[in-house]
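Residue numbers (our numbering): 2 to 127.
Working notes, beginning with the structure itself.
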């Protein structure tokens, strides 16, 4: 089953959830603030997404700004990034949609549409 990691009060997360529900896509809901992802999960999602860890930072959030991440991030090691992301769910870009072999970071409707069109096409081939 697909895992939908989000912050319920986030308008983008709400839009993404409506998108999933409107297409009757089953998912497990996970509140990123109440149930923060650990470093191992974030690293695995980064690998599955094909995106560098820096893409997992919520650059528009208060935590990012308060910590001065714009200046700190370029010189950080992977382990430091993972440690920070795992310590504060609000630092993590959301929503994140995780499937068996993919992870999508943020809600870009076209990317999500493409992912599920591809998945649906594979199901029809079976």
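Think of the CB as a built atom: it goes at the ideal place given N, C-alpha and C, for glycine as much as any other residue.
In this text the structure is predicted, and so the values were computed from the model without any measurement.
The stretch 84 to 94 / the stretch 25 to 45 touching (three or more Cβ pairs under 8 Å)
yes
Own chain partners of residue 106 with C-beta closer than 7 Å, once the 5 adjacent residues on each side are dropped:
50, 52, 56, 57, 94 and 97
Among residues of its own chain, excluding the 5 on either side of residue 62, which ones have a beta-carbon nearer than 8 Å to its beta-carbon?
91 and 92
Beta-bridge pairing of residue 3 - partner residues as DSSP gives them:
28
In or out: residue 101 buried (at least 16 other Cβ within 10 Å) or exposed?
exposed
Where residue 17 falls: helix, strand or coil (DSSP):
helix
Round the Cβ separation of residue 18 and residue 5 to the nearest angstrom and send it over; I've been treating them as touching at under 8 Å.
7 Å
Output the boundary residues of the beta strand (DSSP E) element that contains residue 98.
97 to 99
Kindly indicate the opening and closing residues of the alpha helix (DSSP H) around residue 88.
79 to 88
Let me know the secondary structure DSSP gives residue 58 once reduced to three states.
strand
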